[in-house]
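Protein chains in written order, with my numbering: chain A, 1 to 225; chain B, 1 to 135.
Glycine included, C-beta positions come from ideal geometry on N, C-alpha and C.
Structure (structure tokens):
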């Protein structure tokens, strides 16, 4: 699979290394000559010194045959313009943009960039996750909340302690995916019992997550609408 | 008529002052406060300091009621981004961007952004003047 990376900073050069190791055909484009030389010394790959928003440079990098393009420079406007060119001029199948300022994510989506990655937001979320001591929390979000993976920690006050999976009164839009017990993953069936210190993983949507959280944390009516 | 000008460099500031003196409602955006100061106290338009393609900054500068937007920063990528945001998110009726690097004209064209190309214009004018002298 042919892919193009634009931007040779920490993210770009590490991505280049990873993709190379996995056997991808990768070309990296970077403006700064010094940085290009440094990367060329470290990694044996195709490196083009040039402006990633220049049509000729993208052409030289083989964008016509590329399956994937990742714009990971430190400037949001540059990443946006690259993805727009890739889409409008070269009809590339998949483009991913790094968004430096989380405030710009909505703009990227509104302008039709297929996928965005915001390192600032990812790091903030990871830190928040570490601080979050809720017994029920979101671990991963897919498709902007259409599907979420949630984790329920079983402490001595948890209503699910010692319950069997088949006896849990779960909402319809929800499935138990797995249980982590002593660092091992169990693929829970109806007759699996939930024990102390288990971590139960469920696939659901955002609205149902709030219902489950509400049920586990307050003594309210089960899954009130 | 309400006009939003993005970029308060030589071109942006001159255009802003000129249009404001002719009775247009002008808002001008620049991320650098010093650039906005060059306008002087006589300028009666709105000055907004901030990132040029930021939603909130553009809304502060009245993009929702703007009849026209001029993208005149010295950076092509910023001009393209601002023009796309104005067109696709705020549906501004008329958008014109300044080309800095003539090689980037193809990028503006492929994204259907109306442009002016000062380098090309200057070259054309110079050529005409030289030819006049030769006649």
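Return helix, strand or coil for residue i, following the three-state DSSP convention.
{"i": "residue 26 of chain B", "result": "strand"}
{"i": "residue 217 of chain A", "result": "helix"}
{"i": "residue 169 of chain A", "result": "coil"}
{"i": "residue 105 of chain A", "result": "helix"}
{"i": "residue 223 of chain A", "result": "Reliability fails at residue 223 of chain A, whose pLDDT of 47 lies under 50, so the model's placement of it is uncertain and the value that follows must be treated cautiously. Residue 223 of chain A: coil per DSSP, three-state reduction."}
{"i": "residue 179 of chain A", "result": "strand"}
{"i": "residue 210 of chain A", "result": "helix"}
{"i": "residue 62 of chain B", "result": "coil"}
{"i": "residue 71 of chain B", "result": "strand"}
{"i": "residue 51 of chain B", "result": "coil"}
{"i": "residue 89 of chain B", "result": "helix"}
{"i": "residue 103 of chain B", "result": "helix"}
{"i": "residue 194 of chain A", "result": "coil"}
{"i": "residue 188 of chain A", "result": "coil"}
{"i": "residue 114 of chain A", "result": "coil"}
{"i": "residue 116 of chain B", "result": "strand"}
{"i": "residue 31 of chain B", "result": "coil"}
{"i": "residue 96 of chain B", "result": "strand"}
{"i": "residue 99 of chain A", "result": "coil"}
{"i": "residue 46 of chain B", "result": "strand"}
{"i": "residue 41 of chain B", "result": "coil"}
{"i": "residue 83 of chain A", "result": "helix"}
{"i": "residue 56 of chain A", "result": "helix"}
{"i": "residue 43 of chain A", "result": "coil"}
{"i": "residue 72 of chain A", "result": "coil"}
{"i": "residue 2 of chain A", "result": "strand"}
{"i": "residue 134 of chain B", "result": "helix"}
{"i": "residue 202 of chain A", "result": "strand"}
{"i": "residue 93 of chain A", "result": "coil"}
{"i": "residue 15 of chain B", "result": "helix"}
How about residue i and residue j: do their beta carbons lie closer than 8 angstroms?
{"i": "residue 29 of chain B", "j": "residue 20 of chain B", "result": "no"}
{"i": "residue 26 of chain A", "j": "residue 39 of chain A", "result": "no"}
{"i": "residue 95 of chain B", "j": "residue 116 of chain B", "result": "no"}
{"i": "residue 93 of chain B", "j": "residue 67 of chain B", "result": "yes"}
{"i": "residue 189 of chain A", "j": "residue 153 of chain A", "result": "no"}
{"i": "residue 278 of chain A", "j": "residue 2 of chain A", "result": "The requested residue 278 of chain A is not part of the displayed model; chain A covers only 1 to 225."}
{"i": "residue 72 of chain B", "j": "residue 11 of chain B", "result": "yes"}
{"i": "residue 63 of chain A", "j": "residue 96 of chain A", "result": "no"}
{"i": "residue 168 of chain A", "j": "residue 196 of chain A", "result": "no"}
{"i": "residue 97 of chain B", "j": "residue 108 of chain B", "result": "yes"}
{"i": "residue 111 of chain A", "j": "residue 104 of chain B", "result": "no"}
{"i": "residue 69 of chain B", "j": "residue 84 of chain A", "result": "no"}
{"i": "residue 186 of chain A", "j": "residue 135 of chain A", "result": "no"}
{"i": "residue 63 of chain B", "j": "residue 43 of chain B", "result": "no"}
{"i": "residue 173 of chain A", "j": "residue 205 of chain A", "result": "yes"}
{"i": "residue 144 of chain A", "j": "residue 11 of chain A", "result": "no"}
{"i": "residue 176 of chain A", "j": "residue 165 of chain A", "result": "yes"}
{"i": "residue 110 of chain B", "j": "residue 107 of chain A", "result": "no"}
{"i": "residue 281 of chain A", "j": "residue 138 of chain A", "result": "Not covered by the structure: residue 281 of chain A. The range shown for chain A is 1 to 225."}
{"i": "residue 74 of chain A", "j": "residue 23 of chain A", "result": "no"}
{"i": "residue 203 of chain A", "j": "residue 192 of chain A", "result": "no"}
{"i": "residue 36 of chain B", "j": "residue 49 of chain B", "result": "yes"}
{"i": "residue 39 of chain B", "j": "residue 13 of chain B", "result": "yes"}
{"i": "residue 114 of chain A", "j": "residue 94 of chain A", "result": "yes"}
Handout entry: Any beta strand (DSSP E) of 3 or more consecutive residues that is wholly inside the segment 118–165 of chain A
Key = 136–142, 147–153
Handout entry: Interfacial residues, the segment 92–110 of chain A to chain B, with Cβ spacing under 9 angstroms
Key = 101, 103, 104, 106, 107, 110
Practice task
Check whether the segment 18–32 of chain A touches the segment 43–63 of chain A, taking contact to mean three or more Cβ pairs, one atom from each stretch, closer than 8 angstroms.
Solution key: Yes, the segment 18–32 of chain A is in contact with the segment 43–63 of chain A.
Practice task
Could you say if the segment 57–77 of chain B and the segment 100–113 of chain A meet the contact criterion of at least three C-beta pairs nearer than 8 angstroms?
Solution key: no
Exercise for the section: With 9 angstroms as the limit, tell me which residues of the segment 52–78 of chain A have their beta carbon closer than that to any beta carbon of chain B; keep them in chain order. Expected result: 53, 54, 55, 56, 75, 76, 77, 78
Problem - Stretch pair the segment 197–215 of chain A + the segment 4–13 of chain B: three plus CB contacts closer than 8 angstroms - result: no
Exercise for the section: Let me know the beta strand (DSSP E) ranges lying completely inside the segment 5–38 of chain A, each 3 residues or longer, listed in chain order. Expected result: When DSSP assignments are scanned along the segment 5–38 of chain A, the uninterrupted stretches of beta strand (DSSP E) that are 3 or more residues long and fall wholly within it turn out to be 25–30.
Practice task
Output, in sequence order along the chain, the residues in the segment 43–69 of chain B whose CB is closer than 7 angstroms to any CB in chain A.
Solution key: So the close ones are 53, 54, 55.
Practice task
Taking a Cβ distance cut-off of 8 angstroms, strictly less, list which residues of the segment 85–118 of chain B are near chain A, in chain order.
Solution key: 85, 88, 89, 103, 104, 106, 107, 110, 111
Exercise for the section: Would you list, in chain order, the members of the segment 179–213 of chain A that have their beta-carbon closer than 7 angstroms to a beta-carbon of chain B? Expected result: none
Problem - Within 7 angstroms of chain A by C-beta, residues of the segment 23–36 of chain B in sequence order - result: none
Handout entry: the segment 73–85 of chain B: positions lying closer than 7 angstroms to chain A by Cβ
Key = 77, 78, 80, 81, 84, 85
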